[in-house]
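*Asks:* Residue numbers (my numbering): 1 to 202.
Every residue, glycine too, gets a C-beta built ideally from N, C-alpha and C.
Encoded structure:
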């Protein structure tokens, strides 16, 4: 996933205000909505106008989005990159799981074949908090059960695992926040700590 990290690198001595999870969220939103204005992107990603403009410029320069006066759309390259990600990223979305998280709202993302990159879940939690969320719960699927990383506490809702077609080796990330947007940002930030390691398998 070097291409995502390259987009968030410094320009000279200036560190961008957007992170990798913002890019993932933008790609997802553009796939769903097809076209978004800068204002809509800022609202959905909780980013200022300047940060949105810089992010779109970098994505455009790399051929990932096309920017027009009416808004931004995914390019052919952008669509291919997102489709590649979707082979291992399954967006579950909002789900009630109060006993497992600390937020009023939760957002789930399933990462296929990613359990080897999980240690104790602290890295994912810290990334979620850094992104402005309340935290993140990382669950590893083994033997048809999902256990919280580093704790062993099992997810009681086994029907959920069947519903989302979770398999051994998969990882369920549950981002937590005070609202849905905050919970989704927390989930993507936590998820990227594992997504960034996928290249290590090659």
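(1) Determine whether the beta carbon atoms of residue 136 and residue 164 lie at a separation below 8 Å.
(2) Between which two residues does the alpha helix (DSSP H) carrying residue 130 extend?
(3) Rounding to the nearest angstrom, what Cα-Cα distance links residue 22 and residue 42 in this structure?
(4) Residue 36 bridges to which residues according to DSSP?
(5) Buried or exposed: which applies to residue 107, given that a residue is buried once 16 or more other Cβ atoms fall within 10 Å of its Cβ?
(6) DSSP state of residue 171, grouped into three classes?
(7) From the DSSP secondary-structure annotation, give me the bridge partner or partners of residue 267.
(8) Using 8 Å as the threshold, is the C-beta distance between residue 24 and residue 30 below it?
(9) Between the C-alpha atoms of residue 90 and residue 162, what's the straight-line distance to the nearest angstrom?
(10) What are the boundary residues of the alpha helix (DSSP H) that residue 195 is part of?
(11) Can you list, in chain order, the residues of its chain whose CB lies under 6 Å from that of residue 27, leaving out five sequence neighbours each side?
(12) Considering only the beta carbon of each residue, do residue 88 and residue 112 sit closer than 8 Å?
(13) For residue 202, is the classification buried or exposed, using 16 other Cβ atoms within 10 angstroms of its Cβ as the cut-off for buried?
(14) Mapping the DSSP letters down to three states, classify residue 96 as helix, strand or coil.
(15) Select from 148, 60, 182, 52 the residue whose C-alpha is nearest the C-alpha of residue 170.
(16) Taking the alpha-carbon positions, what's the residue 151 to residue 128 distance?
(17) I need the boundaries of the alpha helix (DSSP H) containing residue 52, first residue and last residue.
(18) What is the C-beta distance between residue 17 and residue 60, in whole angstroms, given that I count them as a contact (C-beta under 8 Å)?
(19) For the beta strand (DSSP E) that residue 119 lies in, which residues bound it at each end?
(20) At a cut-off of 7 Å, would you count residue 93 as near the ligand ATP, judging by its Cβ distance to the nearest heavy atom?
*Replies:* The short version:
(1) No. Outside cutoff.
(2) Run containing residue 130: 122-130, per the alpha helix (DSSP H) assignment.
(3) Across the structure, residue 22 and residue 42 are spaced so that their CA atoms are roughly 10 Å apart.
(4) Answer is 72.
(5) By the neighbour-count criterion, in which a residue is buried when 16 or more other Cβ atoms sit within 10 angstroms of its Cβ, residue 107 is buried.
(6) In this structure, residue 171 counts as strand in the three-state DSSP scheme.
(7) Residue 267 cannot be examined here, being either before or after the span of the chain that is shown, 1 to 202.
(8) Contact: no.
(9) Inter-residue distance for residue 90 and residue 162 is about 14 Å (C-alpha atoms, whole angstroms).
(10) Residues 180-195.
(11) Taken in chain order, the residues that qualify are 82.
(12) With respect to residue 112, residue 88 sits close: the two C-beta atoms are nearer than 8 Å.
(13) With a pLDDT of 45 at residue 202, under the threshold of 50, the predicted position of this residue should be treated as unreliable, and no value is reported.
(14) Note: residue 96 maps to coil in three-state DSSP.
(15) When only C-alpha atoms are compared, the closest one is 148.
(16) Those two C-alpha atoms are separated by around 18 Å.
(17) For residue 52, the enclosing alpha helix (DSSP H) has its first and last residue at 49-61.
(18) Not really, about 18 Å apart at Cβ, beyond 8 Å.
(19) No beta strand (DSSP E) contains residue 119, which DSSP labels as neither H nor E.
(20) The ligand ATP is not part of the structure shown, which contains no ligands of any sort.
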